[in-house]
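Colleague:
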Amino acid sequence: MTKTIPLALALLLPLAAHAANRWADPEKMTVVMVDNRFEPDHLVFHAGKTYDLLLENHGKEMHEFTAPMFLKAATIKDKHLLANGGTDIVVQAGKSVHILLVAPPKGPYDLTCADHDWDGMIGSITVD
Numbered sequence: 001m002t003k004t005i006p007l008a009l010a011l012l013l014p015l016a017a018h019a020a021n022r023w024a025d026p027e028k029m030t031v032v033m034v035d036n037r038f039e040p041d042h043l044v045f046h047a048g049k050t051y052d053l054l055l056e057n058h059g060k061e062m063h064e065f066t067a068p069m070f071l072k073a074a075t076i077k078d079k080h081l082l083a084n085g086g087t088d089i090v091v092q093a094g095k096s097v098h099i100l101l102v103a104p105p106k107g108p109y110d111l112t113c114a115d116h117d118w119d120g121m122i123g124s125i126t127v128d
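When you line the sequence shown up against our numbering, it's residues 1 to 128, in that order.
(1) What residue range does the alpha helix (DSSP H) around M69 cover?
(2) Just list the residues that DSSP pairs R37 with in beta bridges.
(3) DSSP on N21, reduced to helix/strand/coil?
(4) How would you call D88, buried or exposed, if buried means at least 16 neighbouring beta carbons within 10 angstroms?
(5) Just the C-alpha distance for V97 and N84, rounded to the nearest angstrom, thanks.
(6) From the DSSP secondary-structure annotation, give me the bridge partner or partners of L53.
(7) Does H80 come out as helix, strand or coil in the three-state DSSP assignment?
(8) Let me check understanding here. Comparing Cα to Cα, which of E61, A114, K106, K28 lies closest to A67?
(9) Return yes when the Cβ of L43 is within less than 8 Å of the Cβ of I125, no when it is not.
(10) With the cut-off set at 8 Å, would you say L55 and M33 are in Cβ contact?
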């Protein structure tokens, strides 16, 4: 029985190191939010890849990165940065937010600003 414990630890240590390293070298992606559009308005992620998503609000009003299906399916390191039940990220005027995430499964995802979609602040996300 004592041989089982060291073997189990030997098997778990690489998994723990991999989980810790998941966040070590993310690809950087920046989205600028302006009154009332996203720049760029189409984002492309690669499934399973880690990203440091920087959301910069250059507008005069608060904006939201609203992508319910994308954010719920992605692995988010700091879930406390999510708002409205995990459906969006709020960015105050003149501020920025960094989100570390692992891209979800392949597919198309909707992107809007929940407060300004009526004014054309919409976009799209593709995960390939």
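Every residue gets a Cβ at the ideal spot worked out from N, C-alpha and C, and that includes glycine.
Modeller: Working from what's here:
(1) 68–73
(2) V34
(3) helix
(4) buried
(5) 16 Å
(6) M29, I99
(7) helix
(8) A114
(9) yes
(10) yes
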